[in-house]
Each structure stands twice: as C-alpha cells, then as structure tokens.
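Novice:
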Amino acid sequence: MKFVIAIIKPFKLDEVREGLHSIGVDALTATEVKGYGRQKGQTEIYRGAEYNIQFLPKIKLEIAVPATQCDKVVEVIQSAACTGKIGDGKIFVLDLQQAIRIRTQETGENAL
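Numbered according to UniProt numbering, the sequence shown spans residues 1 to 112.
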C-alpha cells in the first residue's frame, strides 16, 4: 500500500477530485493549509500599500491506495493540478505499513 500526499492550488481541487474519481479513487482527505516553496510568498497591493504575503493558501490531499494503483493516482494528480506556473505544488509518495478500518476491523488493502 502507498500513502500519497499532494499539495495543490485550491482552485484545482475539483479537477483533481474528479480525475481521481474517474479512476476509482473515491476516498481522500483534503485539508486547507498554508505554506510556501521557491516562490517565497507573493507581494500584493491593497489601497496603494504593498504587502508581502509569505504563506500562500494550499490544499493538502492525503490518499491511501493499493501499490498497484499508485502510479495512476500520481499521474492523475499531476495532470489535473498543473497550471505550468510556479507554486503548482508537490506530490509525495510514502510506503503505508498498515491500514485498519475501525468499524469492521478490516486490515490492509481491505481497509482502504
């Protein structure tokens, strides 16, 4: 099993969710987060004054998938979240040692 973590732009969430749904991934966790990468934030002008915003709004997706489906999940996220501009985000893939469904006590891929 694999655990996929993706940091994406907020307006790309629906496209990514629809893409994942189209390949059979119906369960994910989305969290509103703030952060920055190479762009180091951005400068905005409000009422003539310049403000430096260091932490930008992002969406963090967490998805547990069978190892056989991982490459397709990464491919879908990458294509749906890409704008071609700085700040598109990152995808991290981790090994998932164990998964347990609390309600039924199912374990492993059955719990996904």
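Glycine included, each C-beta is placed from N, C-alpha and C at the ideal position.
Would you mind giving the Cβ-Cβ distance between Ala30 and Leu56, rounded to the nearest angstrom? I have them listed as a contact below 8 Å.
Specialist: That belief does not hold up - the Cβ atoms of Ala30 and Leu56 are roughly 16 Å apart, past 8 Å.
Novice: Which first and last residues belong to the beta strand (DSSP E) in which Glu106 is found?
Specialist: No beta strand (DSSP E) contains Glu106, which DSSP labels as neither H nor E.
Novice: Compute the Euclidean distance between the alpha carbons of Arg101 and Gly48, then round it to the nearest angstrom.
Specialist: Cα to Cα, Arg101 sits roughly 54 Å from Gly48.
Novice: Go ahead and pull the three-state DSSP assignment for Ile86.
Specialist: Three-state DSSP puts Ile86 in coil, outside helix and strand.
Novice: Excluding five sequence neighbours on each side, which residues of the same chain lie with their C-beta closer than 6 Å to the C-beta of Arg17?
Specialist: Within the same chain, Arg17 has no close Cβ partners at all.
Novice: Taking the beta strand (DSSP E) that Ile77 belongs to, which residues open and close that run?
Specialist: Premise fails: Ile77 lies in the alpha helix (DSSP H), Cys70 to Ala81, not in any beta strand (DSSP E).
Novice: Could you tell me the distance, in whole angstroms, from the CA atom of Val1 to the CA atom of Gly84?
Specialist: Looking at the sequence itself, residue 1 is Met, so the reference to Val does not match. Distance between the alpha carbons of Met1 and Gly84: 30 Å.
Novice: Taking buried to mean at least 16 other C-beta atoms within 10 Å of its own C-beta, is Val25 buried or exposed?
Specialist: Answer is buried; the Cβ neighbour count reaches 16.
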